[in-house]
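Going by my numbering, the first residue of the first sequence is number 835, and it counts up by one from there.
Backbone N, C-alpha and C define an ideal beta-carbon position, used for all residues, glycine too.
What you are looking at is a predicted structure, and each value in this text was computed from that prediction instead of being measured.
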Amino acid sequence: MVHYGTMPELPEVESIRRQLDAVLVGRRLVDLTSSWPKTLVARGTTLTAAHGLAIDGVDRRGKVLILGLDGHLALLVHLRMTGQLLLDETGELEGPKTRCVITMDRGALVFNDQRKFGRLVLLPASLVAEDPLLARMGPEPLETSFSAQILSDHLRRHRSISVKAALLDQSTVAGIGNIYADEILFASEVNPARRCDQLKRRDIERLATAIVAVLSRAINAGGSTMRDYRDANGAQGNYLEEAAVFARTGQPCRRCSASIIKVRVAGRGTHLCPSCQSR
DNA sequence: CACTTGACCTGTCCGC
DNA sequence: TGCGGACAGGTCAAGT
835 MVHYGTMPEL
845 PEVESIRRQL
855 DAVLVGRRLV
865 DLTSSWPKTL
875 VARGTTLTAA
885 HGLAIDGVDR
895 RGKVLILGLD
905 GHLALLVHLR
915 MTGQLLLDET
925 GELEGPKTRC
935 VITMDRGALV
945 FNDQRKFGRL
955 VLLPASLVAE
965 DPLLARMGPE
975 PLETSFSAQI
985 LSDHLRRHRS
995 ISVKAALLDQ
1005 STVAGIGNIY
1015 ADEILFASEV
1025 NPARRCDQLK
1035 RRDIERLATA
1045 IVAVLSRAIN
1055 AGGSTMRDYR
1065 DANGAQGNYL
1075 EEAAVFARTG
1085 QPCRRCSASI
1095 IKVRVAGRGT
1105 HLCPSCQSR
């Protein structure tokens, strides 16, 4: 059994966003604490400035959650690999991996993160767009304005790097990580190692269609669960049962029955069907 | 500027 | 059984 880390990507973060938005609006922050210095920081404000503010909505940009606080502050949450943002109504979810606790007038948000890569940033709402976590984020693939032309425009900034590396670059398209990059490339019948400047218009059109289809389908399945992923209620996702290539090394391709292989592209473990994705 | 590599972290797995 | 090292991957800083 191969071990994988966690990879909350757009579908997982969107699942969490929906759950939190449905229950957090109106709750007030009482206290923010962290037990690992880098996990929670304030930029352009102080942590105590958030005390007493009410959550007015939960948004998402790429893989970043954005909790709005009374219109003038915001809390950015990036789960990175192993982060879990859990709604703790009864005070029972804190444990050895808890890095941050956001106490509210009702319940708390507990941020558990085994590998300590996750980040929570409190900042003025006016600085959200220019924060390093969001400043160079590419187009949102599930907005109606996303199109093959927009994807083409962003891919054109790359030449020799692989199409997989470009998909993982958040400035190309927001929210794609290693699992969905592989799934999108399979659905597009494009080889992950293909150079960006070798993509034909038809390839880019297929990629744009697959990006929307794969991410939408994954949201409907509640996201993927590798190892540590949990939604805000602690539940796992189901998408991996539907995955075409990811974590299916040696198993038959669902389209042509050839054996799925795992190779290294752009420094990442990469799964593909050598027959369907020969070019 | 385009691109690659290393650092950040911890837990798990594999080979000796 | 114990232990060292490779590996997992999102992002940014530093290097080529």
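Residues that DSSP places opposite residue i in a beta bridge
{"i": "HIS885", "result": "BP columns for HIS885 are empty, so no partner."}
{"i": "PRO958", "result": "LEU907"}
{"i": "THR932", "result": "ASN946"}
{"i": "THR924", "result": "Paired residue(s): none; THR924 is not in a bridge."}
{"i": "VAL875", "result": "VAL955"}
Nearest residue (CA-CA) to residue i, options the options
{"i": "PRO930", "options": "CYS1090, GLN948, GLN1111 and GLY1009", "result": "GLN948"}
{"i": "SER1005", "options": "HIS1105, LEU854 and PRO975", "result": "PRO975"}
{"i": "LEU1033", "options": "ASN1067, VAL1046 and LEU985", "result": "LEU985"}
{"i": "PRO966", "options": "GLU848, ILE1038 and HIS912", "result": "HIS912"}
{"i": "ARG1088", "options": "ARG1098, VAL1099, GLU1075 and VAL1097", "result": "GLU1075"}
{"i": "PRO1026", "options": "ILE850, ARG1102 and VAL875", "result": "ARG1102"}
{"i": "GLU977", "options": "ARG894, ARG990 and GLN853", "result": "ARG894"}
{"i": "GLU923", "options": "VAL1097, PHE951, LEU954 and GLY1068", "result": "GLY1068"}
{"i": "LEU989", "options": "ARG1035, LEU968 and GLY952", "result": "ARG1035"}
Own chain, CB closer than 6 Å to residue i, minus 5 neighbours either side, in chain order
{"i": "THR867", "result": "VAL935"}
{"i": "GLN918", "result": "ASN946 and ARG1064"}
{"i": "ALA1015", "result": "LYS998, LEU1001 and LEU1002"}
{"i": "VAL836", "result": "Confidence at VAL836 is low in this model, with a pLDDT of 30, below 50, so the placement of that residue should be treated as unreliable; the coordinate-derived value is given next. Same-chain partners within the cutoff: there are none."}
{"i": "VAL1099", "result": "SER996, LYS998, PRO1026 and ALA1027"}
Own chain partners of residue i with C-beta closer than 7 Å, once the 5 adjacent residues on each side are dropped
{"i": "ALA908", "result": "ILE900, LEU901, GLY902, LEU957, ALA959 and VAL962"}
{"i": "GLU1017", "result": "VAL1048, ALA1077, ALA1078, VAL1079 and PHE1080"}
{"i": "SER1112", "result": "ASN1025"}
{"i": "LEU858", "result": "ILE889 and VAL892"}
{"i": "LEU887", "result": "ARG862, LEU863, LEU903, ASP904 and LEU907"}
Own chain residues within Cβ distance below 8 Å of residue i, not counting five before or after
{"i": "SER869", "result": "THR932, ARG933 and CYS934"}
{"i": "SER979", "result": "PRO973"}
{"i": "LEU970", "result": "Looking at the sequence provided, one finds Arg at residue 970 rather than Leu. Excluding positions up to five away in sequence, the list reads GLN1004 and SER1005."}
{"i": "SER994", "result": "ARG1029, CYS1030 and ASP1031"}
{"i": "CYS1110", "result": "PHE1020, GLU1023, CYS1087, ARG1089, CYS1090 and ALA1092"}
{"i": "GLU928", "result": "ASP922, VAL935 and VAL944"}
Q. What alpha helix (DSSP H) runs, 4 residues minimum, are completely inside the segment 1026-1105?
A. 1035-1054
Q: Kindly confirm or deny that the segment 1040-1047 and the segment 1013-1023 touch, where touching means at least three C-beta pairs closer than 8 Å.
A: yes
Q. Three or more beta-carbon pairs under 8 Å between the segment 936-943 and the segment 855-863, yes or no?
A. yes
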